[in-house]
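Residue numbers (the working numbering): 6 to 164.
Ideal placement from N, C-alpha and C gives every residue a C-beta, glycine not left out.
Just so it is clear, the structure is predicted and the values come from calculations on it, not from any experiment.
Report on one structure; see the data block that follows.
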Ligand SMILES: [Cu+2]
């Protein structure tokens with residue numbers, strides 16, 4: 006069912022900007038589920054561009070603020086910072102993943118429930134400066150590659 010929704014979203018994009026939309030492919034998108042009170046989360050995906058492009062912005066009706074972020078180690082501390090644009094070199098796949106680049110959803114209006122979908126619109130710019138949107142229905146998942154952030158759970162079972 007999720008795949009069907011994704012295809013519908015992609016088909017709509019193809020109709021509005023045929024040539025360019027086909028030059029950028031986004032696969033395996035997912036966003037990390039949040040718990041009540043959590044105001045921010047990350048969305049991840051693989052982006053490929055045949056002719057090269059830049060991811061210049063992202064937005065979602067589910068979040069007050071959506072940014073493109075980079076996470077990196079700086080003196081043993083994981084730091085996260087907004088990047089103005091993410092370069093997608095021609096023919097290469099750029100992976101947005103936990104611990105690296107991600108689309109940051111902030112000021113969430115409601116928690117993102119596991120197994121739901123969150124709409125995210127990505128704006129790409131090609132070498133000629135032409136912008137194009139890719140609209141995604143991103144599946145929300147609890148699972149991730151990093152489990153380290155979950156350990157608070159254990160200490161929370163007071164009856
Ligand atoms: Cu971030």
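Presumed contact (8 Å Cβ cut-off) between residue i and residue j, rounded CB distance
i: residue 165; j: residue 63; result: Not covered by the structure: residue 165. The range shown for the chain is 6 to 164.
i: residue 127; j: residue 106; result: The Cβ separation is near 12 Å, so there is no contact.
i: residue 124; j: residue 66; result: 6 Å
i: residue 48; j: residue 131; result: Wrong, their Cβ atoms sit about 22 Å apart, outside the cutoff.
i: residue 110; j: residue 46; result: 5 Å
i: residue 75; j: residue 88; result: 5 Å
i: residue 135; j: residue 122; result: Actually they are not in contact, since the Cβ atoms of residue 135 and residue 122 sit about 28 Å apart, beyond 8 Å.
Terminal residues of the beta strand (DSSP E) in which residue i lies
i: residue 131; result: Here residue 131 belongs to no beta strand (DSSP E), and DSSP marks it neither H nor E.
i: residue 54; result: 46-54
i: residue 36; result: 29-37
Own chain, CB closer than 8 Å to residue i, minus 5 neighbours either side, in chain order
i: residue 146; result: 35, 36, 37, 38, 119, 120
i: residue 28; result: 54, 55, 56, 58, 131
i: residue 148; result: none
Own chain, CB closer than 6 Å to residue i, minus 5 neighbours either side, in chain order
i: residue 99; result: 52, 93
i: residue 178; result: In the structure as shown, the chain begins at 6 and stops at 164. Residue 178 is therefore absent and cannot be evaluated.
i: residue 30; result: 53
Other residues of its chain near residue i: CB distance less than 7 Å, five sequence neighbours each side excluded
i: residue 112; result: 44, 68, 69, 70
i: residue 60; result: 52, 73, 90, 91, 93, 127, 129
i: residue 83; result: 76
i: residue 133; result: none
Uninterrupted beta strand (DSSP E) stretches inside the segment 57-118 (no shorter than 3 residues): 58-64, 68-79, 82-87, 91-93, 98-101, 107-113
Are the segment 89-101 and the segment 112-119 touching by the rule of at least three beta carbon pairs closer than 8 Å? no
Taking contact to mean 3 or more Cβ pairs, one atom from each stretch, closer than 8 Å, check whether the segment 49-65 and the segment 125-144 are in contact. yes
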